[in-house]
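The opening residue of the sequence shown carries number 719 in our numbering; numbering runs sequentially from there.
Even for Gly, the Cβ is constructed at its ideal location relative to N, Cα and C.
Here is the structure we will look at, set down as structure tokens.
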Amino acid sequence: MKPSVKYWIFIIGVALSIFSVIAFSFIASWGHLNPDEQAFVEEIMHKLIPFPIIGGLVIFLIVGGMVSFLFRLYIIPILQLSEETRLISSVNAGHRIKPRGGAEVLQLIDTINDYACSFEQLQTEVDQKSEVSRSALNAERNRLAALMSELPNGVVVCNTDGQILLFNNQAQKFLTSTDDENVKQKPIGLGRSIFALVERHPILHGLDVLKKSLDDGKQRPVTGFMLPFAKHYLRFSMAPVSEQDGSMDLTGFVLTIEDIAPEIESDNRLESWLQTLIDDIERSLQGTRRAIRKILETPEMAPNELAIHRQTIDSTSATIQKRLDRTREEAARNIHTASHREEVLGRHLLNILEQHLEDRFGIKISGHITEDGWLNLDSYMAVQGIAFLAGRLKKRSNIEQISIELNKTGNNLAVEFSWEPERVKVEDVDSWQRTPLVTDRFQHTFSFRDFIARHEGALTLDRPDKKFCNGVTITLPAKDTHNEYSGSTEFEQRPVFYEFDLFKQRTPMVYNDRLLRDLTYVPFDLETTGLHPTEGDEIIQLGAIRIVNGHLQHHETIDQLVDPQREVPPIATEITGIYPEMLVGQPTVAQVLPEFRRFAEGAVLVAHNAAFDMRFLELKEVETRTRFGNPVLDTLLLSTVVHPNLDDHTLDGIAGRMNIPIVGRHTALGDAIVTAEILVKLIALLEAAGITTLGQAIEASAKSKFAKLSF
719 MKPSVKYWIF IIGVALSIFS VIAFSFIASW GHLNPDEQAF VEEIMHKLIP
769 FPIIGGLVIF LIVGGMVSFL FRLYIIPILQ LSEETRLISS VNAGHRIKPR
819 GGAEVLQLID TINDYACSFE QLQTEVDQKS EVSRSALNAE RNRLAALMSE
869 LPNGVVVCNT DGQILLFNNQ AQKFLTSTDD ENVKQKPIGL GRSIFALVER
919 HPILHGLDVL KKSLDDGKQR PVTGFMLPFA KHYLRFSMAP VSEQDGSMDL
969 TGFVLTIEDI APEIESDNRL ESWLQTLIDD IERSLQGTRR AIRKILETPE
1019 MAPNELAIHR QTIDSTSATI QKRLDRTREE AARNIHTASH REEVLGRHLL
1069 NILEQHLEDR FGIKISGHIT EDGWLNLDSY MAVQGIAFLA GRLKKRSNIE
1119 QISIELNKTG NNLAVEFSWE PERVKVEDVD SWQRTPLVTD RFQHTFSFRD
1169 FIARHEGALT LDRPDKKFCN GVTITLPAKD THNEYSGSTE FEQRPVFYEF
1219 DLFKQRTPMV YNDRLLRDLT YVPFDLETTG LHPTEGDEII QLGAIRIVNG
1269 HLQHHETIDQ LVDPQREVPP IATEITGIYP EMLVGQPTVA QVLPEFRRFA
1319 EGAVLVAHNA AFDMRFLELK EVETRTRFGN PVLDTLLLST VVHPNLDDHT
1369 LDGIAGRMNI PIVGRHTALG DAIVTAEILV KLIALLEAAG ITTLGQAIEA
1419 SAKSKFAKLS F
């Protein structure tokens, strides 16, 4: 119960007590009088009544004044003292309580301030020792970061909800690169969802495989999949992260990412080199055979002419030898062994084939998927083997279009290739499947037919007659998908639509149950042309920063001026320092808010006096086609929750008592950063008050005296 409510209850109780005693005394006295005395009293009643009432009022004023004096000098100061003492012990050891209240309270304040000095000194010593340990930890972290930055592969660590916990530069490069300038790069960052960057289904399938492997007792299981990404081909290896106590419970996963496009390009170069070699050898052998035939046909050839033919034979054979030596070196640099397997969806394999065959040979692919499925194979070797066939079809039969159909037959996945017209010789296609694709370090050859056999599949030729072939069907075992991973997906759930009232949001229960310290936040601030969003005032600047694991991510911010497409009043320029000419050529709110929504995806929005900022966003929903369904916290309301008896809940006032320096006040990013630092310290104070979850924080905020502000 609020102190003000207790005060008025006490005052009303005093008043009722005093006048009840007076009324009871009068009634009791009246009952002891005989009729003659009662008649006499009635005659002089008008003279008697004023004095008890006046006496009662005097007593009430005296007692009420003493109660007010007690509340002002003792009750209120003690409540404020409790809140400020918690502030010292939780977030700001340098805070000192200003003297207020009665002598006894002043003595208590002096004692608390003395202990605060000792506490601050002790905390300083602890911080110094912690800094030494932190420096050593940071050095280890920097070494790890340097090591990860040098890795040729990308590394991403996620929890089972898909939130990114760690990533390196290579992963950022692989997952955010795009070859289309019109496509907006999706951000990668701590606390963001991996599913915003990588297709969800293969990861959930991989989690299912890892979980079942761990349940079966398999040590260090690894699975993988391959995806086309922009114009690259990325191979993902996936390993589980378990509890450090040695249990087999799956708590996260590690993705290592490898771009296999260079391997494909390397084989393309090797293939081109080999084709050139064949052409060169063919020309050289023709010259050699002509020289030999001439010698054989002319036994009595003149010595000088014979010498010329011998020279031709010698030079062409030397050319062949030199070319073979260089080919052997080129093959040694480019050859790969067929030993790597990963999980791949049939449609993904089809997508890569479409792109690769068109880029490499100019062959158009028309694909049709009747039924999809998972394959466990070396997708790189599969692409290279099929590309080898496509190259032969293009070179020898001028095939420019291939149809590919994907369907399931029982427990197998069939990939059917067909082409027209039917002028491809059976012997050409048959020799393709027997031609060595790679050679291992023991000089063992490996053909596409061997590849299919190793994967327990089958390869059949579709031929309308004995001489010609018009298609190939590759059948491979489809991998059992079991049941998909059923872990938490709360990161994806959002309110269906947004209502302005901060406390009537349809926040999912899974959000309400999340601990405050575990959530990702986006504190933001808007600078506007005025304070009346419903009367035409517009946004002129937006600033935001992300908070992950209680740390401000200073590399993930928004600091964007916005063209309001209207006049900027001088008072707005005076407060914000934003001049009209600074807004010329800046993006409009319709361009800025969709980007801000992507930035804040999966996070709790935070603002100081959030109703004001959220009203601007709400009024722009139709114009920008952007709706914010994020949960919202207000640092103004949270401040009144932890410090209900303190008066100053402005951004400056809160920052002051929390010892937070203010830089860039009344700039959007500056205020957003201050709001972020305030939130981090408010969370500690809320936890000390027993408010640990988002739902509890929203419920407590709704009871604040400022919760009914509207704009």
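For residue i, name the three-state secondary structure that DSSP assigns.
i       : result
VAL1350 : strand
ASN810  : coil
THR1193 : strand
ARG953  : strand
LEU1179 : strand
ILE1026 : helix
ILE767  : coil
VAL940  : coil
ALA1290 : helix
PHE1424 : coil
VAL1280 : coil
ASN1130 : strand
ASN877  : strand
LEU915  : coil
PHE947  : strand
GLY782  : helix
LYS1460 : Beyond the ends of the chain as shown, which are 719 and 1429, falls residue 1460; an answer cannot be given.
PRO1154 : strand
ALA1379 : For the record, residue 1379 in the displayed sequence is Pro; it is not Ala. The answer is coil: DSSP assigns PRO1379 none of H, G, I, E or B.
ALA1298 : Note on identity: in this sequence residue 1298 is Pro, with Ala being the wrong assignment. Three-state result, PRO1298: helix.
PRO958  : strand
Which word fits residue i, buried or exposed, when buried means at least 16 other C-beta atoms lie within 10 angstroms of its C-beta?
i       : result
HIS1173 : buried
LYS1338 : buried
MET763  : exposed
SER1002 : buried
CYS1187 : buried
SER738  : exposed
TYR1098 : buried
PRO1305 : exposed
LEU1237 : buried
THR969  : exposed
GLN1151 : buried
HIS1066 : buried
TYR1239 : buried
Which residue from the options puts its Cα closest to that of residue i?
i       : options                               : result
ASN871  : ALA857, ALA811, GLU858 and LYS891     : LYS891
ILE1258 : GLY1268, SER1115, ARG1284 and GLN798  : ARG1284
VAL940  : PHE947, TYR951, VAL959 and PHE742     : VAL959
GLY819  : ILE1380, ALA1196, LEU788 and ARG910   : LEU788
GLU1253 : LYS1040, TYR1098 and PHE1334          : PHE1334
PHE1242 : ASN1363, ASP1277, GLY1103 and GLU1405 : ASP1277
THR1088 : GLY749, ASN1125, ALA1108 and ALA1407  : ASN1125
GLY774  : HIS1384, GLY1091 and ALA741           : ALA741
LEU1279 : VAL1266, ASN1377 and MET1300          : MET1300
VAL1392 : GLU760, LEU1075 and ILE1263           : ILE1263
ILE1416 : ILE729, LEU1387 and LEU1234           : LEU1234
VAL916  : VAL844, LYS930, SER931 and MET944     : MET944
With respect to the beta strand (DSSP E) encompassing residue i, which residues constitute its N-terminal and C-terminal limits?
i       : result
VAL1240 : 1239-1246
LYS929  : Note, LYS929: premise wrong, no beta strand (DSSP E); alpha helix (DSSP H) at 918-933.
GLN1119 : 1119-1127
GLU1174 : Careful: GLU1174 lies outside any beta strand (DSSP E) and carries neither H nor E.
ILE1087 : 1082-1087
ARG1264 : 1257-1266
ASP977  : 968-977
ALA713  : Outside the displayed span of the chain (719 to 1429) sits residue 713, for which this structure offers no information.
Let's see if you can read the secondary structure: which residues bound the alpha helix (DSSP H) around residue i?
i       : result
ILE906  : No alpha helix (DSSP H) holds ILE906; DSSP gives it neither H nor E.
ASN1069 : 1064-1079
GLN893  : Correcting the residue identity first, residue 893 is Leu in this sequence and not Gln. First-last of the alpha helix (DSSP H) with LEU893: 887-894.
ALA1402 : 1386-1406
LEU1107 : 1097-1115
ALA1308 : 1307-1317
Using a threshold of 7 Å, is the CB atom of residue i nearer than that to any non-hydrogen atom of the ligand HEM?
i       : result
CYS1187 : The ligand HEM is not part of the structure shown, which contains no ligands of any sort.
ask   = Does the pairing of the stretch 1307-1318 with the stretch 1396-1408 give three or more beta-carbon distances under 8 Å?
value = no
request  = Would you check if there are 3 or more beta carbon pairs closer than 8 Å linking the stretch 1312-1325 to the stretch 1337-1355?
outcome  = yes
Cβ pair count under 8 Å reaching 3, the stretch 1243-1253 against the stretch 1325-1336 = yes
ask   = Touch check for the stretch 1410-1429 and the stretch 1352-1359: three-plus C-beta pairs under 8 Å?
value = yes
message = If contact is defined by three or more beta carbon pairs under 8 Å, each pair taking one atom from either stretch, is the stretch 873-884 in contact with the stretch 1284-1303?
response = no
inquiry  = Is it the case that the stretch 972-980 contacts the stretch 942-955, given that we only count it when at least three CB pairs across the two stretches are under 8 Å?
reply    = yes
task = Report yes or no: do the stretch 804-819 and the stretch 1363-1379 share at least 3 C-beta pairs separated by less than 8 Å?
result = yes
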